[in-house]
Amino acid sequence: MLFPSKIVLATHNAGKVAEFQKLLEPLNVKIIGAGDLGLPEPEETEDSFEGNALLKARHACEITAMPCLADDSGLAVTALDGAPGIYSARWAGENKDFDMAMKKVWDDIGDNTDKSAQFVAVLALVMPDEREFVARGEVQGNLCYPSRGDHGFGYDPIFMPENEAQTFAELGAAGKSKYSHRVRAFNLLKAMVTSNRHCEE
Ligand code: ITT
């Protein structure tokens, strides 16, 4: 099976959209943006990345009857027992203030010498014929503060992937893509779709 030639990207996050455009371009997939369709943002009521990714993709598919791709992702900090995790966007508040969210992460870690963290991305592709594909990608790393770098989005300026001295925001798009949780999840998803390995009921 081929990757769908046209998909709805069920995200309202411009940083994610930019990364998916790069991933989907070589596959010649036409992207329809959630914003262009005026898709409402569903409330993320599940308690896992998988649950929320599926919720977002199903919600978009119910409205559009097209293949819909959603991403639920976040930063899981070891010293904070995995927080902010699925609440990563919510820690930035209504104003999407990630300077505040990154400071909160650092303040909450406090004196703990364990600065390790991982980024997680779970992608869900829901087809109008009800087949569902779900893939998870992770990258381990360490946090630094103050934040560094101007590229990327969200928590990129405080996250250095393992064995790197630069943050994702310093590495830029090409550098980040070598390690990115989203790229890892996408490659897995692509393999699942092309071999038609969808989730069973
Ligand atoms: P959608 O639900 O519309 O896709 P969102 O921003 O609300 O947008 P999430 O609920 O998945 O998305 O929240 C994930 C948050 O985790 C996101 O807002 C970022 O702050 C952070 N995050 C996820 N992936 C990231 C990455 O690659 N780099 C930096 N921060 C990331």
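When we follow numbering that gives the first Met the number 0, the leftmost residue of the sequence shown carries the number 0, and every step to the right adds one. C-beta: ideal position from N, C-alpha, C; glycine also. Predicted model only: the values in this text are computed from it and were never measured.
My guess is that Leu8 and Ile30 are in contact by the Cβ rule of under 8 Å, so how many angstroms apart are they, rounded? 5 Å
Drop a sphere of 10 angstroms on the beta-carbon of Met99, count the other beta-carbons inside from all chains shown, and report buried for 16 or more, exposed for fewer. Classification for Met99: exposed.
With hydrogens ignored, establish whether the beta-carbon of Thr166 is closer than 7 Å to any heavy atom of ligand 1. no
CB of Gly14 within 8 Å of CB of Gly153, strictly: yes
Below 8 Å, how does it come out for the segment 124-132 and the segment 82-91: are there three or more Cβ pairs, yes or no? no
Near ligand 1, which residues have their beta-carbon closer than 5 Å to a heavy atom? Thr10, His11, Asn12, Asp71, Ser72, Gly73, Ser87, Ala88, Gly153, Tyr154, Asp155
Terminal residues of the continuous beta strand (DSSP E) containing Cys67? 67-76
Whole angstroms is fine: what's the gap from Pro66's alpha carbon to Ile6's? 5 Å
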